[in-house]
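Here's the structure, in structure tokens; my notes come after.
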Amino acid sequence: MPRRTPRTILDRQRTPRRFTKFLKGASICALVAGLLSPLSQTAAAQPASATAAAAANDYCGGRCSDILPAGQNGNATLAEILLNQAFGTQPAHADDQLAPYGNLASGYSGLTDAKINDFFRDASFGVPADQVESTLKPAGRTDVTIVRDKKTGVPHITGTTRYGTEFGAGYAAAQDRLWLMDVFRHVGRGKLTPFAGGAPSNQGLEQEFWRHAPYTEADLQAQIDNAVATNGARGQQALADVKAYIAGINAYIDASDSGRYFPGEYVLTGHKDSITNAGTIEHFKETDLVALASVIGALFGSGGGGEVNNAISLLAAQSKYGVEEGTKVWESFRERNDPEAVLTVHNGESFPYATKPADPQGEALPAAGSVAQEPLVYDRTGSAATSTATGTSAAATASALSSARRGMSNALVVSGKSTASGNPIAVFGPQTGYFAPQLLMLQEIQGPGLSARGASFAGLSMYVELGRGQDYAWSATTSGQDIIDTYAVELCQDDTHYLYRGTCTAMEKIEQTNAWKPTTADGTAAGSYRMQVWRTKYGPVTHRATVDGKRVAYTTLRSSYMHEADSIIGFQMLNDPDYVKSPQTFQSAVQHINYTFNWFYADSQHTAYYNSGDNPVRANGVDAEFPVWAQPVYEWKNWTPTTNTADYTPASAHPNSVDQDYYISWNNKQAKDYTTAPWGNGSVHRGNLLEDRVKKLVTAGGVTRASLTKAMADAALADLRAEDVLPKLLKVVNSSPVTDPAAAAAVTKLSDWVTAGAKRKETSAGSKAYANAEAIRILDAWWPGLVKAEFEPGLGSDLYTAMTSNLPVDEAPSAGHGPTGSHAGSSFQYGWWSYVHKDIRAVLGETVEGGLAKPYCGGGSLGACRTILINTLKEAAAKTAAQVYPGDDLCSAGDQWCADSVNQRTLGGIKHNKISWQNRPTYQQVVEFASHR
2 MPRRTPRTIL DRQRTPRRFT KFLKGASICA LVAGLLSPLS QTAAAQPASA TAAAAANDYC
62 GGRCSDILPA GQNGNATLAE ILLNQAFGTQ PAHADDQLAP YGNLASGYSG LTDAKINDFF
122 RDASFGVPAD QVESTLKPAG RTDVTIVRDK KTGVPHITGT TRYGTEFGAG YAAAQDRLWL
182 MDVFRHVGRG KLTPFAGGAP SNQGLEQEFW RHAPYTEADL QAQIDNAVAT NGARGQQALA
242 DVKAYIAGIN AYIDASDSGR YFPGEYVLTG HKDSITNAGT IEHFKETDLV ALASVIGALF
302 GSGGGGEVNN AISLLAAQSK YGVEEGTKVW ESFRERNDPE AVLTVHNGES FPYATKPADP
362 QGEALPAAGS VAQEPLVYDR TGSAATSTAT GTSAAATASA LSSARRGMSN ALVVSGKSTA
422 SGNPIAVFGP QTGYFAPQLL MLQEIQGPGL SARGASFAGL SMYVELGRGQ DYAWSATTSG
482 QDIIDTYAVE LCQDDTHYLY RGTCTAMEKI EQTNAWKPTT ADGTAAGSYR MQVWRTKYGP
542 VTHRATVDGK RVAYTTLRSS YMHEADSIIG FQMLNDPDYV KSPQTFQSAV QHINYTFNWF
602 YADSQHTAYY NSGDNPVRAN GVDAEFPVWA QPVYEWKNWT PTTNTADYTP ASAHPNSVDQ
662 DYYISWNNKQ AKDYTTAPWG NGSVHRGNLL EDRVKKLVTA GGVTRASLTK AMADAALADL
722 RAEDVLPKLL KVVNSSPVTD PAAAAAVTKL SDWVTAGAKR KETSAGSKAY ANAEAIRILD
782 AWWPGLVKAE FEPGLGSDLY TAMTSNLPVD EAPSAGHGPT GSHAGSSFQY GWWSYVHKDI
842 RAVLGETVEG GLAKPYCGGG SLGACRTILI NTLKEAAAKT AAQVYPGDDL CSAGDQWCAD
902 SVNQRTLGGI KHNKISWQNR PTYQQVVEFA SHR
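Mapped onto the numbering used here, the consecutive letters of the sequence shown carry residue numbers 2 to 934.
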């Protein structure tokens, strides 16, 4: 059966039956002509002026570049949507960064510094007078100007007052992302389906995030109040900035409504009438921004969780091998602190965190078979009761409760000691997926206390979140250290009461009912359901179980829970040129960000790194890997449940560094003894793809922007399995002559691919066919089969299944499983490559540090292991392309290139072309500052 690509929000807008037939009608041209008559946003802007923002405060000297596909313009009127759907035309600046971004895959080999902006865009401050496309005084204000450049349409916001500057930022954000901002404020509140339609993907999205952060309106407001009250003058300034920013958003809503150039999705989803203009686009309010922040934090900045799954797999291991031996086996697969893991801080410095206690205390492991997930959805009606909808809910629950969160993002930073210029160089950015419009948006913001250019999440762009200042640049990757713990609360009286510090206490029920009906954008039949979460002092209930004969509810407590707004202070500091002036002040700024990120910095003289997040100080003996009893002795140190605050590890205990020879990060392990929550930080990790290349450059010296970018681009096309594991597999296979013709042919193809560099790369630009395509097909088919054949016989089916729940077997570009799904670019974050690598090396008799507790491939016998590999290889080689790449909504069966391709997943009415696969940041900077203030 063809594999279906997960759809999100308005994917259905591309091909709803009524809409497609409508577009084919002869009246479309007349309708479009009529719709074009309202004044467009661009036409309403003031004529381009010759003035441009001064760039006297820019110390990059033309050596700062960035890129963010598909394009800056993420809004489209109804007319523009209809033209895109019918003829493929693109609104201005909707996709003009997609081609240069995509072309790097085929063009990087000949890259020079002079050619960098063929694939990136100049990120200098200001706009040259001859490059000004439009100049706007939003809402007629005299204290702010929005200048957009001809090449990309990026807004360059310059204000003479702080209020005006932030007003302009809000206005520009709404110009470029109003629909997307509206979508995600509804996602954050668990109210997407009533707003955008009841497609199963929309149901899954709102369920996943509402389970993570089931906030009431009062909760959202309380988080604002707390952030302001606890941060002095900066807290007050942040609130004032938010108010001005929202005023700018709402001014654009009013202007676009009266001018009838608001996003056309409001018509297609039934919120506005295209003829009478009846209907309302709701104004934004302060709590909307907290709801938005909760979504972004859940996606990229909340490491941890999965303790119940960990417990289930531990029990399975103990059942298989006995308690002592089973625990050893489990720990070897967990790889908490694997000695072979690639590190960001590689100078040997230790930063112990969440390490295994010598004598664990308070563990609340469930009785075998007693665990049941807590239901979220009740009272389904209509389309909410279909098997597709219930299946989507199950997937959303699994994603919400897993520790294998979306990591993504990478960074390559080299000290000036190893560069040709003597100035540090950085190539870095967040890998946030690919959407249309993009979750991120670009801007430059210049005003009192503000001076930065870069990317921000739509609806949160009162400050640049990732980008550059006057003489420094910064970026982040998801770190994933554990800030989430699971507690077992003992039930009393009934299923909705629990013991809290000795008192039987009622759980708090948070619920809401969502209902939807068909629209032009989403023809899903009418339906409804009720979402319900039980909250305790220890967080929301996620599971029920029996522990030591007692009925319990498992809850999840996150240190950033009820603190989604706190990080605003850190971002405010990053944008303040009077605050960030050095690596130390940079580190001080990001210490105010409570989400789990790795932060990187470069100026003309220094580089720096800091790992952020509110890491709770756990009670002595508590093992963060497993559920613990909800008792005062096992609580976080000095935890206050009413505010969810506690003692956190000091800044010095977080992995940090200044002027290391180089830094790499691709969601790998941060430092020695610093345990990350996701599984899979072992001998093979995608971070090795960067480590190997950057280390080689640094050893040779003379690093340039082009050479570091080439290293990133080369890693972006590498198949991690083929580069780091396949040579060992072939060594076993070739330990004796391969006499079977089918196996021998497959070995030859795989060997040739390894020799050629193990890339998933087109034969030529635009060919839509891979070099070594047969070898790629064989490995894609072989990997799942060989892992199962290698490990399941030794582990047993129960333990093998439990372990795969902790860590997916594979995450190839075409794999429609794992946290990222198909057509998402990001690949090879989660998989069993380290396990295979260690096991096969042990079979070969090679030295293995931190090896698995037992041999698995052929029970450790080279001959038996070789037989398993050859048999599974023959089975894989016999599979057709159509079997390996079964097709989906975007690709026909057997189309290998298309199966891998990156698609900008539609969150609105505009769709874009696919590009060839790359595994790289979505927004990316290439920076080398020439001087310093």
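By construction, the Cβ of each residue, glycine as well, lies at the ideal position given by its N, Cα and C atoms.
Using C-beta distances below 7 Å, list every residue in its chain close to residue i, excluding the 5 sequence neighbours before and after it, in chain order.
i	result
residue 311	626, 627 and 807
residue 787	870 and 873
residue 761	718, 720, 771, 777, 814, 901 and 918
Spatial neighbours of residue i within its chain, please: CB distance less than 8 Å, with the 5 preceding and 5 following residues excluded, ordered by chain position.
i	result
residue 34	Because residue 34 carries a pLDDT of 29, less than 50, the predicted location of this residue cannot be relied on, and the following value inherits that uncertainty. Nothing listed; no residue qualifies.
residue 573	235, 238, 239, 242 and 464
Beta-carbon separation of residue i and residue j under 8 Å?
i	j	result
residue 188	residue 296	yes
residue 721	residue 698	no
residue 460	residue 178	yes
residue 414	residue 436	no
residue 587	residue 476	no
residue 298	residue 825	no
residue 665	residue 878	no
residue 489	residue 562	no
residue 200	residue 523	yes
residue 578	residue 481	no
residue 68	residue 109	no
residue 683	residue 839	yes
residue 544	residue 375	yes
residue 729	residue 867	no
Looking at the strands, I want to know which residues DSSP matches up with residue i.
i	result
residue 532	378 and 513
residue 455	444 and 468
residue 763	771
residue 926	67 and 429
residue 916	903
residue 544	374 and 555
residue 621	Residue 621 pairs with nothing; no bridge assigned.
Quick check on residue i: does DSSP put it in helix, strand or coil?
i	result
residue 518	coil
residue 261	coil
residue 276	coil
residue 351	strand
residue 426	strand
residue 580	coil
residue 488	strand
residue 73	coil
residue 253	helix
residue 607	coil
residue 474	strand
residue 959	The first residue shown for the chain is 2 and the last is 934, placing residue 959 beyond what the model contains.
residue 480	coil
residue 108	helix
residue 497	strand
residue 314	helix
residue 410	coil
residue 122	strand
Can you give me the Cβ contacts of residue i inside the same chain, cut-off strictly under 6 Å, excluding the 5 residues immediately before and after it?
i	result
residue 353	674
residue 273	267 and 280
residue 594	568, 571 and 613
residue 795	857
residue 369	316
residue 585	none
residue 651	none
residue 229	236 and 240
residue 383	526, 527 and 528
residue 560	484, 615 and 617
residue 915	902 and 904
Subject >> Every unbroken beta strand (DSSP E) within the stretch 625-701, with a cutoff of 3 residues, ordered by chain >> reply: Counting whole runs of 3 or more residues, the stretch 625-701 contains the beta strand (DSSP E) stretches 657-659, 663-666 and 673-675.
Original post:
Where in the stretch 865-894 do unbroken runs of the beta strand (DSSP E), each at least 3 residues long, occur, reported from the N-terminal end onward?
Top reply: none
**OP:** Output the residue ranges of the beta strand (DSSP E) runs that lie fully inside the stretch 137-189 and measure 3 residues or longer, sorted by chain position.
**Re:** 145-150 and 156-160
**OP:** At 3 residues or longer, and completely inside the stretch 192-249: list those beta strand (DSSP E) runs for me, N to C.
**Re:** none
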